[in-house]
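Sequential numbering from 387 applies to the sequence shown in our numbering.
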Amino acid sequence: MSYIRDIIEQVIERNPGEPEFHQAVTEVLESLQVVIDRHPEYMKAGILERLVEPERQIIFRVPWVDDQGRVRVNRGFRVQFSSAIGPYKGGIRFHPSVYLGIIKFLGFEQVFKNALTGLPIGGGKGGSDFDPKGKSDDEVMRFCQSFMTELYRHIGADIDVPAGDIGVGAREIGYMFGQYKRIRNSFESGVLTGKGLIYGGSLVRKEATGYGLVYITDQMIKAKGKSFDGARVAVSGSGNVAIYCAEKVIQLGGKVVAMSDSNGYVYDPDGIKLETIKQLKEVERKRIKEYKEIHPKAEYHESSFGIWEVSCDIAFPCATQNELDEKAAKTLVANGCYAVAEGANMPSTPEAIDVFLSNNVLFAPGKAANAGGVATSALEMIQNSMRYSWSFEEVDAKLKSIMINIYKNISTAAREYGHEDNLILGANVAGFVKVAEAMMAQGIV
Ligand code: NDP
387 MSYIRDIIEQ VIERNPGEPE FHQAVTEVLE SLQVVIDRHP EYMKAGILER
437 LVEPERQIIF RVPWVDDQGR VRVNRGFRVQ FSSAIGPYKG GIRFHPSVYL
487 GIIKFLGFEQ VFKNALTGLP IGGGKGGSDF DPKGKSDDEV MRFCQSFMTE
537 LYRHIGADID VPAGDIGVGA REIGYMFGQY KRIRNSFESG VLTGKGLIYG
587 GSLVRKEATG YGLVYITDQM IKAKGKSFDG ARVAVSGSGN VAIYCAEKVI
637 QLGGKVVAMS DSNGYVYDPD GIKLETIKQL KEVERKRIKE YKEIHPKAEY
687 HESSFGIWEV SCDIAFPCAT QNELDEKAAK TLVANGCYAV AEGANMPSTP
737 EAIDVFLSNN VLFAPGKAAN AGGVATSALE MIQNSMRYSW SFEEVDAKLK
787 SIMINIYKNI STAAREYGHE DNLILGANVA GFVKVAEAMM AQGIV
């Protein structure tokens, strides 16, 4: 273990002040000792040392003018982590909490997640500390144009293909694509994914992360003889991942009893009316608090992460990193929750995960469970290069089979390398081995 411990210590020393990146690296590396024991050649080739260092990190100034005519300056990031198995691929996040450490943790996770999809995509991530909340459409457009005016020189369909993440949805992707096209004087649809349907987007991309999350969870609970039928479900967040996770849960007969945003959560004992959430969040861009005005029987609580106090059978953290801590995990267990699947990236703290594992709660880690989004982005790239579009049913069927395959691969790896119910181990090992083999084949680069 001292070889791996040394690498973790080096990462902490060389990347000061980036706790989320340290957390992500520690979580992955600690589970890889079994792999290194079986493959000493990985150690000789410095696979781990190279994997924890991004291939390229870009930081840039993003100046823009607000509606009052004032000049504002944000910071932009793109971390191109690994191109071992394909062009860098990963979303862009606009949120005031964004700094280099957040982008690096997300980029690192993305490398393994993308490998798990079985598609040829490397890992990267980008973003800015810009807060789209409360900004006018014009301000968001001017910001996106300025962001892309710098980013364009670093991306391309065979180089690096960004997509959406927190704060970046169809509107932002549209503005960024428009500016890229204008600068390049070329309609390169494969340069960004998550595009609108009429200019190269894929059906099901919007739904993909949430649907994929429920497809893989369905496999995980089925293996223990359970199903969504009649299950009480809590879904944190009310953004892209949360909404389509809730939609699929309801389609499979489950009842979503609680959802949240960054101000608080709503609890509706009769089941959340998803059409109201969609109207509030996707159309009106309002707060979730308004749900209670429309459905007075529901309760609203002014605590975002208080959602984990709601009694449920299955929990889907779909908001942000470290939203579910040890106390919340203990409360979920005490209330009878038997399965947790991560829609967000790293939403559970290490202590929360320990609580789940020691109480035999079925647990699907984000890098496997939320891989449906990037997998469908890769399907969007395939359609773009064919200049063709598949139907909703075709893409959905491909997404479902990708998620079923991910479940098979990670449970097989978990069985081979440790314990069959430890899907964290399975996901880390299965993703890592694929990237490591590609790196071995390509020499020291
Ligand atoms: P959205 O911006 O669409 O939604 C995010 C949701 O989480 C909103 O309800 C937001 O509330 C809430 N939220 C965000 N930050 C915080 C915070 N600090 N505290 C409390 N609540 C917060 O993002 P997505 O749904 O796209 O992403 C959610 C998670 O899923 C992220 O971790 C992302 O990395 C991950 N993910 C997303 C994929 C995708 O395809 N979109 C793919 C794979 C993973 P509010 O609106 O009030 O800010």
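In this text, a Cβ means the ideal position worked out from N, Cα and C, and glycines have one as well.
If you reduce the DSSP assignment to three classes, tell me which class N460 lands in. Counted from its first residue, the sequence shown places residue 460 at position 74. Three-state result, N460: strand.
For the ligand MN, any of its heavy atoms closer than 7 angstroms to the Cβ of D551? The ligand MN is not among the ligands present in this structure, which contains only the ligand NDP.
Is the separation between the beta-carbon of G493 and that of P440 shorter than 8 angstroms? Counting from 1 along the sequence shown, the entry for residue 493 is found at position 107. Counting from 1 along the sequence shown, the entry for residue 440 is found at position 54. Yes, Cβ-Cβ distance for G493 and P440 is below 8 angstroms.
Are the CB atoms of I792 and A754 within a distance shorter than 8 angstroms? Looking up residue 754 in the sequence shown gives position 368. Looking up residue 792 in the sequence shown gives position 406. It is a contact, given that the beta carbons lie within the stated cut-off.
Same chain only: Cβ atoms within 7 angstroms of I393, ignoring 5 sequence neighbours per side: Within the sequence shown, residue 393 is the residue found at index 7, counting from 1. Once the five neighbours on either side are set aside, the close Cβ partners of I393 are L415, L434, E435 and V438.
Once the 5 residues before and after E737 are set aside, which same chain residues still bring their CB inside 6 angstroms of it? Against the sequence shown, residue 737 aligns to sequence position 351. So the qualifying residues of the chain are E712.
Rounded distance between the beta-carbons of T595 and H756, thought under 8 angstroms: If you number the sequence shown from 1, residue 756 lands on position 370. If you number the sequence shown from 1, residue 595 lands on position 209. It is worth fixing the name first, because residue 756 is Asn in this sequence and not His. That pair is a contact at about 5 angstroms.
CA-CA distance, A725 and F749? To locate residue 725, count along the sequence shown from 1; it is residue 339. To locate residue 749, count along the sequence shown from 1; it is residue 363. Those two C-alpha atoms are separated by around 6 angstroms.
Proximity test, G555 beta-carbon vs the ligand NDP heavy atom, cut-off 7 angstroms: Within the sequence shown, numbered from 1, the residue matching residue 555 stands at position 169. G555 Cβ: within cutoff of the ligand NDP.
Relative to the alpha-carbon of N770, which residue among K641, G576, S763 and K592 has its alpha-carbon at the smallest distance? By one-based count along the sequence shown, residue 770 stands at place 384. For N770, the nearest C-alpha among the options comes from G576.
With the cut-off set at 8 angstroms, would you say A632 and L660 are in Cβ contact? One-based indexing of the sequence shown puts residue 632 at position 246. One-based indexing of the sequence shown puts residue 660 at position 274. Their beta carbons are under 8 angstroms apart, which means A632 touches L660 by this criterion.
Could you give the DSSP three-state label for K659: helix, strand or coil? Here the question's residue 659 lines up with position 273 in the sequence shown. Coil, per DSSP.
Since I believe H408 is in contact with V421 (beta carbons under 8 angstroms), could you give me their beta-carbon distance rounded to a whole number of angstroms? Looking up residue 421 in the sequence shown gives position 35. Looking up residue 408 in the sequence shown gives position 22. With 8 angstroms as the limit, V421 and H408 do not qualify as a contact, their Cβ atoms being about 21 angstroms apart.
If we ignore side chains and look at the alpha-carbon of each, how far apart do G462 and D546 end up? Position 76 of the sequence shown, counted from the start, is the residue given in the question as residue 462. Position 160 of the sequence shown, counted from the start, is the residue given in the question as residue 546. Computed Cα separation, rounded: 16 angstroms.
F446 and E536 look like a contact to me (Cβ under 8 angstroms); what is the Cβ gap, rounded to whole Å? Within the sequence shown, residue 446 is the residue found at index 60, counting from 1. Within the sequence shown, residue 536 is the residue found at index 150, counting from 1. 4 angstroms between Cβ atoms; contact.
For the alpha helix (DSSP H) that contains L537, what are its first and last residues? Here residue 537 refers to the residue found at position 151 of the sequence shown. Start and end: D523 to L537.
Return the residue from the list I541, C530 and Q531 that minimises the CA-CA distance to V465. As a first step, residue 465 is located in the sequence shown; it is residue number 79 there, counting from the start. Comparing Cα positions, the closest option is I541.
Could you work out which residue in N500, F529, G623 and K475 is closest to D453 when comparing CA atoms only? Here residue 453 corresponds to residue number 67 of the sequence shown, with the count starting at 1. Looking at the Cα atoms, F529 is the closest of the given residues.
Excluding the 5 residues flanking V411 on each side, which residues of the same chain have their C-beta closer than 7 angstroms to its C-beta? Taking the first residue of the sequence shown as 1, we reach residue 411 at position 25. Excluding positions up to five away in sequence, the list reads I394, V397, V438 and F494.
Does the beta-carbon of G560, which I'm using as the reference point, lie nearer than 7 angstroms to any heavy atom of the ligand NDP? Translated into the one-based positions of the sequence shown, residue 560 becomes position 174. Incorrect: G560 has no Cβ contact closer than 7 angstroms to the ligand NDP.
G804 versus L486 - alpha carbon distance: Residue mapping note: residue 804 aligns to position 418 of the sequence shown, counting from 1. Residue mapping note: residue 486 aligns to position 100 of the sequence shown, counting from 1. Computed Cα separation, rounded: 34 angstroms.
In this structure, what does DSSP give as the bridge partners for E685? Here residue 685 refers to the residue found at position 299 when the sequence shown is read from its first residue. The partner list for E685 (beta bridge, DSSP) reads Y653.
Of the listed residues A827, M789, M767 and E779, nearest to A543 (C-alpha basis): Within the sequence shown, residue 543 is the residue found at index 157, counting from 1. Among A827, M789, M767 and E779, the Cα nearest to that of A543 belongs to M767.
Beta-bridge partners of F749, as assigned by DSSP: If you number the sequence shown from 1, residue 749 lands on position 363. The partner list for F749 (beta bridge, DSSP) reads V726.
Proximity test, Cβ basis, 8 angstroms: I663 and chain B: Absence of chain B from the displayed structure is noted, only one protein chain being present.
Counting Cβ pairs closer than 8 angstroms, one from the stretch 692–711 and one from the stretch 618–638, do we hit at least three? yes
Could you tell me the distance, in whole angstroms, from the CA atom of Y601 to the CA atom of M789? Taking the sequence shown and counting its residues from 1, one reaches residue 601 at position 215. Taking the sequence shown and counting its residues from 1, one reaches residue 789 at position 403. For Y601 and M789, the distance between alpha carbons rounds to 6 angstroms.
G834 to G580 span [Cα, whole Å]: What is shown of the chain runs 387 to 831, which leaves residue 834 out entirely.
Use the C-beta contact count for Y561: other C-beta atoms within 10 angstroms, 16 or more gives buried, fewer gives exposed. On the sequence shown, residue 561 is found 175 positions in, with the first residue counted as 1. Y561 is buried by the Cβ-count criterion.
Under DSSP, the beta strand (DSSP E) around P736 begins and ends at which residues? If you number the sequence shown from 1, residue 736 lands on position 350. Counting along the chain, P736 falls outside any beta strand (DSSP E), though it belongs to the alpha helix (DSSP H) covering P736 to S744.
Hey, would you say G504 sits closer than 8 angstroms to S469, going by beta carbons? Taking the first residue of the sequence shown as position 1, residue 504 is located at position 118. Taking the first residue of the sequence shown as position 1, residue 469 is located at position 83. No, the Cβ-Cβ distance between G504 and S469 is not below 8 angstroms.
Helix, strand or coil for K634 per DSSP? Position 248 of the sequence shown, counted from the first residue, corresponds to residue 634. If DSSP states are grouped into helix, strand and coil, K634 belongs with the helices.
Distance between R673 and G639 (C-alpha atoms, nearest Å): For the purposes of this step, residue 639 is taken as residue 253 along the sequence shown, with counting starting at 1. For the purposes of this step, residue 673 is taken as residue 287 along the sequence shown, with counting starting at 1. One C-alpha to the other measures close to 27 angstroms.
On the CB-based measure, 16 or more other CB atoms within 10 Å of its CB, does E670 come out buried or exposed? Residue mapping note: residue 670 aligns to position 284 of the sequence shown, counting from 1. Exposed is the call here.
Could you tell me which residues DSSP pairs with I445 in its beta bridges? Residue 445 sits at position 59 when you count from the first residue of the sequence shown. I445 is bridged to F463.
Kindly provide the ranges of any alpha helix (DSSP H) runs that are 4 or more residues long and lie completely inside the stretch 774–805, ordered along the chain. 778–803
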